[in-house]
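Asker: This is the structure I have questions about; it appears just below.
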Amino acid sequence: MPEGHTIHRLAADYAERFLGQQVRATSPQGKFSDGAALVDHQVLDTTEAHGKHLFLGFGADRWIHIHLGLFGKVGFGTAPSPKDLRQAPVQGGPPSPPTDTVRLRLANPDAYADLRGPTTCALITDAEKQAIHDRLGPDPLRPADDGGRAWQRISRSRTTIAALLLDQKIIAGVGNVYRAEVLFRHGIDPYRAGRDLTRPQWDAIWSDLVALMREGVRHNRIDTVRPEHTPEAMGRPPRVDDHGGEVYVYRRDRQGCHICGTEIRTAGLAARNLFWCPGCQGAGGAA
DNA sequence: GTAGAATGTCCAG
DNA sequence: TGGACCTTCTACG
1 MPEGHTIHRL
11 AADYAERFLG
21 QQVRATSPQG
31 KFSDGAALVD
41 HQVLDTTEAH
51 GKHLFLGFGA
61 DRWIHIHLGL
71 FGKVGFGTAP
81 SPKDLRQAPV
91 QGGPPSPPTD
101 TVRLRLANPD
111 AYADLRGPTT
121 CALITDAEKQ
131 AIHDRLGPDP
141 LRPADDGGRA
151 WQRISRSRTT
161 IAALLLDQKI
171 IAGVGNVYRA
181 EVLFRHGIDP
191 YRAGRDLTRP
201 QWDAIWSDLV
211 ALMREGVRHN
221 RIDTVRPEHT
231 PEAMGRPPRV
241 DDHGGEVYVY
251 RRDRQGCHIC
261 GTEIRTAGLA
271 ARNLFWCPGC
281 QGAGGAA
């Protein structure tokens, strides 16, 4: 479920519940028991996101590095955590859910956070953390980051803009949904080579990503349709099948484009599904 | 019940 | 380029 907005939201959500406090850290699943033991009873002093990477800081030179991959998820709840319930079952209460997939649980007297299914959950040093930053491109959600750095790479590349947008070395945090949607919003053919974009086009894409992804953090979901294209504005049924966000093309293949009615198309590109509207994003097309 | 897909990334060949 | 990996949910028997 995670694109960059999810990770930045998680950084804020962990901070809200645990920052500046000693936490209990455990690995009910067992795969991170050693790491959890090293931060157990330590104070969480920093939470930070860069692209799809999340860092939880516990004092000098000690970070938990989390990458959710395709399936990872964090569930927050109020204390007691499910495991605690199991240890002291409430008489007549509901059966506690299974917890054996929880890689990392952070808990304090008021709240818990359960991490499941991450690609990465590891204890790292400052130097290892810096190495991760060094191989990531600018992130539209990091205020100090600058799209110009990405342009240096894009403007010299023969690779398609659709592939470049997913390359985390070039721009960090964009995933399959934002890539499809931002190209649609700017009327850009996904197969156009990076070097065939103009600087103004790239600047517009970058600032649009900043705005869209900030909204994504606020609402914890991806919405990309402009006000005039919402279900209410157009009198069309809202999207129900998906994660709730209103989009133009992502997973809308074989349905009509909200703007021009052309059938949305899909194709594999670099092992991911690409979605676009041939009408609005044809050669030189502008939405 | 079981297969397949899913907003991601790495590595071997 | 294909497979491996991590988990959850849906569609289909």
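The opening position of the first sequence corresponds to residue 1 in UniProt numbering, with each subsequent residue numbered one higher. The beta-carbon is built from N, C-alpha and C at its ideal position, and this holds for glycine as well.
1) Please state the DSSP three-state secondary structure of N176.
2) Buried or exposed: where does S81 fall if 16 or more other Cβ atoms within 10 Å of its Cβ makes it buried?
3) Where does residue 307 sit, in a helix, a strand or coil, going by DSSP?
4) Please list, in chain order, all residues of the same chain as I7 whose beta carbon is under 6 Å from its beta carbon, the five residues on each side excluded.
5) How is Y112 classed by DSSP in three states: helix, strand or coil?
6) At what residues does the beta strand (DSSP E) containing residue 308 begin and finish?
7) Restricting to Cα atoms, I'd like to know which of G57, A111 and A180 is closest to G268.
8) One question on the structure: do G245 and D223 come within less than 7 Å of each other, judged by their Cβ atoms?
9) Closest to D167 by C-alpha separation, out of R239, R272 and F71, would be which residue?
10) So is T119 buried or exposed if we call it buried at 16+ other beta carbons inside 10 Å?
11) Using beta-carbon positions only, say whether A122 and H65 come within less than 7 Å of one another.
12) Need the endpoints of the alpha helix (DSSP H) that K52 sits in, please.
13) Taking all protein chains shown into account, do 16 or more other C-beta atoms lie within 10 angstroms of the C-beta of H258, making it buried, or fewer, making it exposed?
14) From G69 to G216, what does the alpha carbon distance come to, in whole angstroms?
15) I'd like to know if the region 176-192 and the region 142-158 are in contact, where contact means that at least 3 CB-CB pairs between them fall below 8 Å.
16) What are the boundary residues of the beta strand (DSSP E) that R62 is part of?
17) Where does the unbroken alpha helix (DSSP H) through F18 begin, and where does it stop?
18) With DSSP run on the structure shown, which of helix, strand or coil describes K129?
19) Measuring alpha carbon to alpha carbon, tell me which of Q42, G75 and V74 ends up nearest R62.
Answerer: Put simply:
1) It is helical.
2) buried
3) Residue 307 is absent from the model: the chain starts at 1 and stops at 287.
4) Close CB contacts of I7 within its chain, under the 6 Å cut and outside five residues either way in sequence, are with A49, K52 and L54 (chain order).
5) strand
6) The shown model of the chain, from 1 to 287, leaves out residue 308, and the question about it has no answer.
7) A180
8) yes
9) R272
10) exposed
11) yes
12) No alpha helix (DSSP H) holds K52; DSSP gives it neither H nor E.
13) H258 should be labelled buried.
14) 18 Å
15) no
16) No beta strand (DSSP E) contains R62, which DSSP labels as neither H nor E.
17) Looking at the DSSP string, the run of the alpha helix (DSSP H) that includes F18 is G4 to F18.
18) helix
19) Q42
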